[in-house]
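Only one structure is covered here, and it is reproduced in the block below.
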Amino acid sequence: MALKITVIGTGYLGATHAAAMAELGFEVLGLDVVPEKIETLSRGEVPMYEPGLEDLLRKHVAGIEGSTGRLRFTTSWEEVGEFGDVHFICVNTPQKQGEYACDMSYVESAVTQLAPWLRRPALVVGKSTVPVGSAARLAPLLTKLAPAGTDVELAWNPEFLREGFAVRDTLHPDRIVVGVAGERAEKVLREVYAVPIGEGSPFVVADYPTAELVKTAANSFLATKISFINAMAEVCEAADGDVAKLAEAIGHDERIGRKFLRAGIGFGGGCLPKDIRAFMARAGELGADQALTFLREVDSINMRRRGHMVELARETVGGSFLGRRVAVLGATFKPDSDDVRDSPALNVAGQIHLQGGQVTIYDPKGMENARQVFPTLSYAPSALEACRGAHVVLHLTEWSEFRELDPAALAEVVATPRVLDGRNALDAATWRAAGWTFRAMGRPRA
Ligand code: UDX
1299 MALKITVIGT
1309 GYLGATHAAA
1319 MAELGFEVLG
1329 LDVVPEKIET
1339 LSRGEVPMYE
1349 PGLEDLLRKH
1359 VAGIEGSTGR
1369 LRFTTSWEEV
1379 GEFGDVHFIC
1389 VNTPQKQGEY
1399 ACDMSYVESA
1409 VTQLAPWLRR
1419 PALVVGKSTV
1429 PVGSAARLAP
1439 LLTKLAPAGT
1449 DVELAWNPEF
1459 LREGFAVRDT
1469 LHPDRIVVGV
1479 AGERAEKVLR
1489 EVYAVPIGEG
1499 SPFVVADYPT
1509 AELVKTAANS
1519 FLATKISFIN
1529 AMAEVCEAAD
1539 GDVAKLAEAI
1549 GHDERIGRKF
1559 LRAGIGFGGG
1569 CLPKDIRAFM
1579 ARAGELGADQ
1589 ALTFLREVDS
1599 INMRRRGHMV
1609 ELARETVGGS
1619 FLGRRVAVLG
1629 ATFKPDSDDV
1639 RDSPALNVAG
1649 QIHLQGGQVT
1659 IYDPKGMENA
1669 RQVFPTLSYA
1679 PSALEACRGA
1689 HVVLHLTEWS
1699 EFRELDPAAL
1709 AEVVATPRVL
1719 DGRNALDAAT
1729 WRAAGWTFRA
1739 MGRPRA
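Following this line, the structure appears as structure tokens:
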């Protein structure tokens, strides 16, 4: 009989995983403790912007005309315990307030709430990003809290999806990594990820700590790559070199590769910044903090980029923001997402506002979330409106919409045609040809 799957936590990770599991043909029950989220998802709506996710959801959510009906949502732990053979834990592990360590309370709560309702042989699979050692700590807790005699096992199966590509990354992962302590867990997970999801994807079986570390190591490597190229951008600026050309040239070496070498205002979002900090905190607890001191530098190079963009903008408008209008294009931490968590763009906008600049923001999908974080900033309904009267335009999130802007039309509405490209994504020649003073981070002024 086909395995029945539950997904606990229905944020980016959980909602996408649940829909992907239904797409593979499994019966799926998703749980969230927030009733409004469950109501939204049950109507086939996604509470965030993620390309392709709503279509996939509507294809499977029960009660929607023409759907397979394989996907349902609930707030009941009892229902989840009765329903599932495999329970995926997809809850958040945010950074703790004022600390580097990550907050494990949602994962712990998921395990403790689920365990007493497990009624038959069950595999509980953590997908959340957790500090190494978590699975080994949670496994005995799960066994202790499950009804006596119930056969329960824990596995850890980190998720590598990117926002904006969540559906594609889930259905066609680069690799599947499973951390197990027993053979049954591996067998069940091989069944879950059998073709087509596993087709062509390496299936790496490891122990708990290695599987947990794979995720934090991968994110640390990516963050390091970005901070490396941003450090090169600092040197290029000092030496009048061109970091984009440099990145292209070193990227031709296959050992280095071309990806994740775009210099700019740095990385943000709900993962990379908090994951490297949590990794440092955990290494400290393990007495291995020296091994990760370089991540402190990765973090500080990254944060410096935001300050540097503010300085460039201030210099561009004549040394002070007072009485100056600043147009900010982009609020989200990356394009094709409405996520503004730890967004470099929004941080730069906020700093300029605090220094007395009149900031107007436009973002294709992130306005609502940005408004919640910074209600005092101004928001415009289009890029053109945001630029009206501006003394400088800052391009801070590389939405494709911004690459398609007509610089000549924008030049008509600004006070002074000066643009700073914080993402190295605009075509300098086109902007300059339309009369703009164009400057990009880590590149010659021209
Ligand atoms: C990341 C990992 O890529 C993913 O595997 C993991 O599961 C979750 O964390 P995500 O946070 O969605 O995914 O974004 P990602 O595409 O990695 O970008 C992170 C940040 O780095 C963004 O702010 C982006 O603008 C920035 N970035 C990325 C750069 O500044 N330069 C680059 O070359 C690439």
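Under the numbering used here, the letters of the sequence shown match residues 1299 to 1744, in that order. Yeah, the Cβ is synthetic: ideal placement off N, Cα and C, and Gly gets one too.
Cβ of residue i versus every heavy atom of ligand 1: is any distance shorter than 7 Å?
i, result
"Leu1718", "no"
"Glu1457", "yes"
"Phe1565", "yes"
"Arg1460", "yes"
"Lys1632", "yes"
"Leu1559", "yes"
"Ile1599", "no"
"Gly1431", "no"
"Leu1301", "no"
"Gly1562", "yes"
"Asn1517", "yes"
"Ile1524", "yes"
"Cys1388", "no"
"Cys1569", "yes"
"Leu1520", "yes"
Would you kindly work out how many angstroms separate the C-alpha atoms of residue i and residue j, rounded to a whole number?
i, j, result
"Ala1300", "Val1646", "51 Å"
"Pro1742", "Lys1485", "56 Å"
"Glu1552", "Phe1592", "24 Å"
"Ile1362", "Val1502", "37 Å"
"Gly1312", "Ala1434", "22 Å"
"Ser1680", "Ile1659", "9 Å"
"Ala1316", "Ile1387", "11 Å"
"Ser1525", "Ala1545", "12 Å"
"Val1422", "Glu1451", "6 Å"
"Pro1345", "Thr1308", "10 Å"
"Gly1617", "Phe1672", "24 Å"
"Ala1521", "Val1305", "29 Å"
"Leu1644", "Arg1417", "47 Å"
"Leu1559", "Glu1696", "14 Å"
"Asp1467", "Gly1367", "23 Å"
"Lys1442", "Ala1420", "14 Å"
"Lys1513", "Arg1580", "14 Å"
"Met1530", "Ile1599", "10 Å"
"Ala1320", "Val1384", "13 Å"
"Val1478", "Pro1438", "14 Å"
"Glu1532", "Glu1461", "28 Å"
"Leu1692", "Ser1432", "42 Å"
Where does residue i fall in DSSP's three states?
i, result
"Phe1592", "helix"
"Arg1341", "coil"
"Gln1656", "strand"
"His1693", "strand"
"Ile1548", "helix"
"His1315", "helix"
"Asp1587", "helix"
"Ser1598", "helix"
"Tyr1404", "helix"
"Gln1393", "strand"
"Gly1379", "helix"
"Ile1650", "helix"
"Leu1620", "coil"
"Ile1495", "coil"
"Phe1501", "strand"
"Ser1780", "For the chain, the structure presents residues 1299 to 1744; residue 1780 sits outside this window and is missing."
Quick check: is the beta carbon of residue i nearer than 8 Å to any beta carbon in chain C?
i, result
"Glu1532", "Looking for chain C here will not work: only one protein chain is present."
Can you tell me where the beta strand (DSSP E) with residue i in it begins and where it stops?
i, result
"Thr1735", "1735-1738"
"Lys1302", "1302-1306"
"Val1326", "1325-1329"
"Val1450", "1450-1454"
"Val1717", "1716-1719"
Which residue comes first and which comes last in the alpha helix (DSSP H) that contains residue i?
i, result
"Ile1527", "1506-1537"
"Glu1710", "1705-1711"
"Phe1386", "Looking at the DSSP string, Phe1386 is not in any alpha helix (DSSP H); the run it does join, the beta strand (DSSP E), is 1384-1387."
"Phe1371", "Phe1371 -> not in any alpha helix (DSSP H); beta strand (DSSP E) instead, spanning 1369-1372."
"Arg1356", "1351-1358"
"Ala1437", "1432-1443"
"Asp1467", "1464-1469"
"Leu1487", "1481-1490"
- Query: For the 8 Å Cβ check, are there 3 or more pairs between the segment 1328-1336 and the segment 1373-1381?
  - Reply: Contact between the segment 1328-1336 and the segment 1373-1381 is present: 3 or more CB-CB pairs across the two stretches fall below 8 Å.
- Message: Measuring CB atoms only, is the segment 1490-1507 touching the segment 1701-1709, in the sense that at least three cross pairs come out at less than 8 Å?
- Response: Judged by pairs of C-beta atoms under 8 Å, the segment 1490-1507 does not touch the segment 1701-1709, as fewer than three such pairs exist.
- Message: For the segment 1449-1461 against the segment 1604-1621, do three or more pairs of beta-carbon atoms, one drawn from each stretch, fall closer than 8 Å, so that the two count as touching?
- Response: The segment 1449-1461 vs the segment 1604-1621: no contact.
- Spell out a yes or no on whether the segment 1608-1616 and the segment 1559-1570 are touching, meaning 3 or more CB-CB pairs, one atom from each, closer than 8 Å. Taking a contact to require three or more Cβ pairs closer than 8 Å, the segment 1608-1616 and the segment 1559-1570 do not qualify as touching.
- Count the C-beta pairs between the segment 1397-1415 and the segment 1315-1324 that are closer than 8 Å, then say yes if the count reaches three, no if not. The segment 1397-1415, when compared against the segment 1315-1324, does not touch it at the 8 Å Cβ threshold.
- Message: For the segment 1572-1582 against the segment 1392-1399, do three or more pairs of beta-carbon atoms, one drawn from each stretch, fall closer than 8 Å, so that the two count as touching?
- Response: They touch, by the three-pair rule.
- Counting Cβ pairs, one atom from each stretch, are 3 or more of them under 8 Å apart for the segment 1681-1700 and the segment 1719-1731? Yes, the segment 1681-1700 touches the segment 1719-1731.
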